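Sequence lines, in order, name chains A and B. Numbered per the numbering used here, the first sequence spans residues 435 to 866. Numbered per the numbering used here, the second sequence spans residues 104 to 411. Data block below; observations after.
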Amino acid sequence: MLSTSRTKVAAVLLALALTGTAAACSRSGPDSVSAATARGPITVWLSNNAQEVAWGEKMIASWNKAHPDQRVTSQQIPAGKTSEEALSASIIAGNSACLVFNTSPASVPQFQKQAGLVPLDDFPDGAQYIESRTGPRAEQYRFEDGSYYQLPWKSNPVMILYNKDIFRKAGLDPENPKLATYEDFLDSSRKIVTSGAADAAIWPAPTSEFFQSWFDFYPAFIAESGGKSLVENGKPQFDSPAGRRVFDFWRTIYREKLAPNETFPGDALGGGKTAMSTVGPWAVATYKDSIDWGVVPVPTSDGRPASQISTFSDEKSVAMFSACENRATAWDLMKFATSPEQDGAFLADTGQMPMRPDLLRTYADWFAENPDYKEFADQADRTVEVPAVAGSIDVWQTLRDGWTRSVVFGREPTGEELPRLSRDITSLLDEY
Amino acid sequence: MSTTGIPAPKSASPRTRWRLRPPRIGALFVSPYVLFVTAVFAVPLGYTIWISFHRFYFTAPGTDIDTPWVGLRNYQDVFTDPVVQRSFLNIAIFLVINVPLTVVLALVLASALNAKLPFRSFFRAAYYLPYVTASVALVAVWQYIFGADGLLNTVLGDLAPDPSWLVNSTLAMPVIAVFVTWKQLGFFVMLYLAALQSVPRELYESASIDGAGRVRSFMSVTVPGVRHATTLVTVFAIITGANLFSEPYLLTGGGGPDHASSSPVLVMYQKGIEQAHPDFAAALGVVLVVFVVVLALVARKFTEKGAE
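Here it is in structure tokens:
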């Protein structure tokens, strides 16, 4: 009798536990057909950059004033090691915002695989709007299936920022620094370190995180190869003379200890520990009051002129997430936030470059008042993106592992490492 | 009344029945814990095992995805992945340094702190402090000591290793093992301190009468007297060590160059979260659980040897 009771109690407990688990697992998203034309309140997430938040709040206030029935609320992207991890978790949980104004193109293939993104060319004017605002660079943001899952929003074309005081201390001419060719760059770097003007000539993070290649290898490869992407037509491009020159150049930097192989815990450029850093235009606001700086394009082996140099975009996109119930409003807000007026306000508030062609002429007045940004704006027309391929993060991680092994620590000869990496990445691409 | 002449067994007294047959109210009391264990341990563990045998990735709600049975394919990928192999080698290096060091230091320090010392409470608190302090805060101190321009290399001068400690594929893991030993020592000292209270004083007195010195007394009375605590400390040290994550993540920037200080849990995080391969991560998690259980059982057998 009692045994039966115990069985019943156990059964009830188990049923309760399973019901709870089942309730937690039973998830559903909005119906995409009705959501596509639905209007109403939406939420957007902004990055945690103070200037971007300030712009975002002004932009949203302006929208809300004109659209009281389609109220937009904003918040910063929830905390995580990176915003991409927070976004991935929110896709799975089904609680992501309608729009995120800080989506990394490298993560877009993963988000797309998770069915977390709304294809923007589902909107009647989707593809046409993206292509007309972005220009020819829009093609780099089209996914393998032909769709746009992101609206290219802003770029931070990567350049080399240097500390003029350290150059002076090292006996180098800070107004005409010799940094255009690999040979000149290495000579200047040697003088900086041997003179004791700074501990390092340049100090990118030598760690294994997949995204670190965007600030050492990738800009150099794009510049040296004349604007090639890491992967084109499904094939890795770096096992080439240009790729080998880049690997050898950086290998020399590490071998001669012109760059340390350990991360600096903090801001090495701001702290005067290094003379140069690879940065985007965001650095202007960061360093304008603390160091006397200059900026040059990424070096190439033959010292090409700035007008012929392409670089990494360090771009962020606006993406619409599948948890969004009022997608028509979200699409209208996307267009409003990337209109010429809002792009101008964004440029003025943050110094980052809206993904529009010919920025220097479009916002000529602003650049006349803020000449520090001109060189970045000039580079903005010649930026290259991470490839929009499935398995993008795996590809970057594989490359990074090879880079630290062969370049940072010099354990594997370049001639063996590059073909091996190319083979590994080819099989990864085939696997996806 | 018996008809066979054999006395009928006495019916259980109410007190006995209470002991043998817990009333429903007892089940009600334990039910929150049963629910808790089921929801946060049993179900996720079962789900993890299920994932490890399927091709699986996490998607947005309401998405139908194909999750085909792949048998041992994920396990095969785990065992043949050089990064996983390196992480298990790293954890083996870590455990070989960390576990004996933890046991020896914790026992010696606990014995010292068990004696009548001036400022004994202060010392007990001092050893416990790193354990209750967040790794994130302590890592800065360690980087100050072991960084390329850190205190140790400044003292060593030309004798400093190149590459430096935290990026050196040979030295990174031992440095992390020493760091974790130092950080967790306070907890294990507390376990030993508690165990030392139960060692009879008479045994020390007898040993003293027999002419045993401090070392002999320690080896012959203290060590056997705290044998069960040693088992506990060893098993705890293995379990926490095998689950190493924060220290390599924080000290060496995500596992160090070329995964020189990667741990299995760090690889699980990178594969499962960063690279969106939860099936691979689940298989690795199952392998790690088996690894830890086997290691803990072997350690228990070893430390309890001769206890009878």
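Think of the CB as a built atom: it goes at the ideal place given N, C-alpha and C, for glycine as much as any other residue. Being a predicted model, the structure only gives us computed values, none of them experimental.
**OP:** Return the residues of the stretch 356-373 of chain B that lie within a Cβ-Cβ distance of less than 8 angstroms from chain A, sorted by chain order.
**Re:** Gly356, Gly357, Gly358, Gly359, Pro360, Asp361, His362, Gln373
Original post:
Considering Thr628 (chain A), what are the terminal residues of the alpha helix (DSSP H) in which it resides?
Top reply: Residue numbering aside, residue 628 (chain A) sits at position 194 when the first sequence is read from its first letter. Taken as a continuous stretch (DSSP letters only), the alpha helix (DSSP H) holding Thr628 (chain A) covers 616-628.
Original post:
If contact means a Cβ-Cβ distance below 9 angstroms, which residues of the stretch 838-856 of chain A contact chain B?
Top reply: Thr838, Arg839, Val842, Phe843, Arg845
**OP:** To the nearest angstrom, report how far apart Gly737 (chain A) and Leu208 (chain B) are at their CA atoms.
**Re:** The count along the first sequence starts at 1 and reaches residue 737 (chain A) at position 303. The count along the second sequence starts at 1 and reaches residue 208 (chain B) at position 105. Using only the alpha carbons, I get a separation of about 60 angstroms.
Original post:
Taking any Cβ of chain B, which residues in the stretch 694-715 of chain A have a Cβ under 8 angstroms from it, in chain order?
Top reply: Pro694, Asn695, Glu696, Thr697, Pro699
Original post:
Is there a Cβ from chain A that is less than 9 angstroms from the Cβ of Thr162 (chain B)?
Top reply: By one-based count along the second sequence, residue 162 (chain B) stands at place 59. Judged by the 9 angstroms Cβ criterion, Thr162 (chain B) is in contact with chain A.
Original post:
Going by beta carbon distance, what residues of the same chain come within less than 7 angstroms of Leu216 (chain B), once the five residues before and after it are set aside?
Top reply: Position 113 of the second sequence, counting from 1, holds the residue named residue 216 (chain B). Excluding positions up to five away in sequence, the list reads Arg223, Phe226, Arg227, Val292, Leu296.
Original post:
Is Asn695 (chain A) near Val592 (chain A), with beta carbons less than 9 angstroms apart?
Top reply: For the purposes of this step, residue 695 (chain A) is taken as residue 261 along the first sequence, with counting starting at 1. For the purposes of this step, residue 592 (chain A) is taken as residue 158 along the first sequence, with counting starting at 1. Result no, Cβ atoms of Asn695 (chain A) and Val592 (chain A) do not sit closer than 9 angstroms.
Original post:
DSSP three-state call for Gly560 (chain A): helix, strand or coil?
Top reply: Start at 1 with the first residue of the first sequence, and residue 560 (chain A) comes out as number 126. Gly560 (chain A): helix per DSSP, three-state reduction.
Subject >> Bridge partners - Phe746 (chain A), DSSP secondary structure assignment >> reply: Counting from one through the first sequence, the residue named residue 746 (chain A) turns up at place 312. Paired residues: A:Val818.
Subject >> For Leu620 (chain A) and Ser462 (chain A), the rounded distance between their alpha carbons >> reply: What you label residue 462 (chain A) is simply residue 28 of the first sequence in a count that begins at 1. What you label residue 620 (chain A) is simply residue 186 of the first sequence in a count that begins at 1. The straight-line gap from Cα to Cα measures roughly 57 angstroms.
Original post:
So is Phe132 (chain B) buried or exposed if we call it buried at 16+ other beta carbons inside 10 Å?
Top reply: Within the second sequence, numbered from 1, the residue matching residue 132 (chain B) stands at position 29. Label assigned to Phe132 (chain B): exposed.
Subject >> Minimum Cβ-Cβ distance from Ile600 (chain A) to chain B less than 9 angstroms >> reply: Here residue 600 (chain A) is taken as the residue at index 166 of the first sequence, counted from 1. No, no contact with chain B.
Original post:
Does DSSP put Asn760 (chain A) in a helix, a strand or coil?
Top reply: The sequence position of residue 760 (chain A) within the first sequence is 326, counting from 1. Asn760 (chain A): coil per DSSP, three-state reduction.
**OP:** Mind listing the chain B neighbours of Ala634 (chain A)? Cutoff is C-beta to C-beta under 9 angstroms, in chain order.
**Re:** What you label residue 634 (chain A) is simply residue 200 of the first sequence in a count that begins at 1. Under the 9 angstroms cutoff, chain B gives no residues; its nearest Cβ is about 10 angstroms from Ala634 (chain A).
**OP:** Compute the beta-carbon to beta-carbon distance between Val534 (chain A) and Leu521 (chain A), rounded to the nearest angstrom, for a pair I have assumed lies under 8 angstroms.
**Re:** Within the first sequence, numbered from 1, the residue matching residue 534 (chain A) stands at position 100. Within the first sequence, numbered from 1, the residue matching residue 521 (chain A) stands at position 87. 6 angstroms between Cβ atoms; contact.
Original post:
Smallest Cα separation from Glu518 (chain A): which of A:Leu794, A:Gly668, A:Pro853, A:Asn536?
Top reply: Along the first sequence, one-based indexing puts residue 518 (chain A) at 84. Among A:Leu794, A:Gly668, A:Pro853, A:Asn536, the Cα nearest to that of Glu518 (chain A) belongs to A:Asn536.
Subject >> For Phe577 (chain A), three-class secondary structure by DSSP >> reply: Numbered from its first residue, the first sequence carries residue 577 (chain A) at position 143. Coil.
**OP:** In angstroms with no decimal places, state the Cα-to-Cα distance between Val829 (chain A) and Thr151 (chain B).
**Re:** Here residue 829 (chain A) refers to the residue found at position 395 of the first sequence. Here residue 151 (chain B) refers to the residue found at position 48 of the second sequence. Roughly 26 angstroms between the two C-alpha positions.
Original post:
Where does Pro788 (chain A) fall in DSSP's three states?
Top reply: Here residue 788 (chain A) refers to the residue found at position 354 of the first sequence. Looking at Pro788 (chain A) - three-state DSSP - the assignment turns out to be strand.
Subject >> Own chain residues within Cβ distance below 6 angstroms of Ala470 (chain A), not counting five before or after >> reply: The residue labelled residue 470 (chain A) in the question sits at position 36 within the first sequence. Closer than 6 angstroms at Cβ, skipping near neighbours: Arg761.
**OP:** Run down chain B in chain order and give the residues with a C-beta less than 9 angstroms from the C-beta of Pro640 (chain A).
**Re:** On the first sequence, residue 640 (chain A) is found 206 positions in, with the first residue counted as 1. In chain order: Val270, Gly356, Pro360.
Original post:
Per DSSP, Gly165 (chain B) forms a beta bridge with which residues?
Top reply: Here residue 165 (chain B) corresponds to residue number 62 of the second sequence, with the count starting at 1. BP columns for Gly165 (chain B) are empty, so no partner.
Original post:
Within 9 angstroms (strictly less), CB to CB, does Asp864 (chain A) reach chain B?
Top reply: Residue mapping note: residue 864 (chain A) aligns to position 430 of the first sequence, counting from 1. Closer than 9 angstroms: no.
Original post:
So with Cβ pairs under 9 angstroms, would you call Lys547 (chain A) a contact of chain B?
Top reply: Residue 547 (chain A) sits at position 113 when you count from the first residue of the first sequence. So yes, Lys547 (chain A) belongs to the interface.
Original post:
Of all the CB atoms in chain A, is at least one closer than 9 angstroms to the CB of Lys404 (chain B)?
Top reply: For the purposes of this step, residue 404 (chain B) is identified with residue 301 of the second sequence, where counting begins at 1. No, no contact with chain A.
Original post:
Listed in chain order, which residues of the stretch 824-838 of chain A have Cβ atoms closer than 7 angstroms to some Cβ of chain B?
Top reply: Ile827, Asp828, Gln831, Asp835, Thr838
Original post:
Per DSSP, His157 (chain B) forms a beta bridge with which residues?
Top reply: By one-based count along the second sequence, residue 157 (chain B) stands at place 54. His157 (chain B) pairs with B:Trp172.
Original post:
Can you pull the DSSP bridge partners for Met493 (chain A)?
Top reply: Locating residue 493 (chain A) in the first sequence gives position 59, where the first residue counts as 1. BP columns for Met493 (chain A) are empty, so no partner.
**OP:** Just the chain B side, please: which residues come within less than 9 angstroms of Ile687 (chain A) by C-beta, in chain order?
**Re:** For this step, residue 687 (chain A) is matched to residue 253 along the first sequence. Correct list: empty, because the minimum Cβ distance to chain B is about 15 angstroms.
**OP:** Check each candidate in B:Val278, B:Leu241, B:Val239, B:Gly358 and name the one with the smallest Cα separation from Leu255 (chain B).
**Re:** Start at 1 with the first residue of the second sequence, and residue 255 (chain B) comes out as number 152. For the residues B:Val278, B:Leu241, B:Val239, B:Gly358, the minimum Cα distance to Leu255 (chain B) belongs to B:Val278.
Subject >> the stretch 648-660 of chain A / the stretch 365-383 of chain B touching (three or more Cβ pairs under 8 angstroms) >> reply: no
Original post:
Using the beta-carbon of each residue, which ones in chain B are nearer than 7 angstroms to Gln584 (chain A)?
Top reply: Taking the first sequence and counting its residues from 1, one reaches residue 584 (chain A) at position 150. Under the 7 angstroms cutoff, chain B gives no residues; its nearest Cβ is about 16 angstroms from Gln584 (chain A).
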